[in-house]
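Single-structure report; data block below.
In this note's numbering, the protein residues as written are 81 to 213.
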């Protein structure tokens, strides 16, 4: 369970209108990768300015992968994780490279858990039912 809300970290790095970022609008990409995200207590003990700098590094990296679209929802107190992130793409190899590069960021050291990762394929209901046999 998670909900949408405006991120405090991407105001100046986002080309979308602020009101657009509180709605998750699924695209038509072939793949969707979904995972929970839980930060460490040390992350929240850091000043907001330091967290902002670390998140800006992640945003810069993410912006290099134009084929990957990110959706972030929030779960504080609603579920076992703090965030649920979903990445849409037609190019799983770009997603793989993105995650590999994000693992090397300063913010990554403050990730307590980001599993399980769910890999999903875009299919119509009829295709799903046919696949069941």
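For every residue, glycine included, the Cβ atom is placed at its ideal position computed from N, Cα and C.
With a Cβ-Cβ cutoff of 9 Å, do residue i and residue j count as a contact?
i           : j           : result
residue 107 : residue 149 : yes
residue 139 : residue 151 : no
residue 119 : residue 191 : yes
residue 121 : residue 161 : no
Please classify residue i: does DSSP put it in a helix, a strand, or coil?
i           : result
residue 124 : helix
residue 139 : helix
residue 179 : helix
residue 193 : strand
residue 149 : strand
residue 86  : coil
residue 129 : helix
When you compare each of the options to residue i by their alpha carbons, which one comes out closest?
i           : options               : result
residue 123 : 105, 142, 186 and 203 : 186
residue 169 : 178, 162, 161 and 163 : 178
residue 156 : 141, 206, 116 and 176 : 116
Please work out which residues of its chain come closer than 6 Å, Cβ to Cβ, to residue i, disregarding the five sequence neighbours upstream and downstream, and give them in chain order.
i           : result
residue 172 : 111
Do the stretch 193-202 and the stretch 107-127 meet, that is, are 3 or more Cβ pairs less than 8 Å apart?
yes
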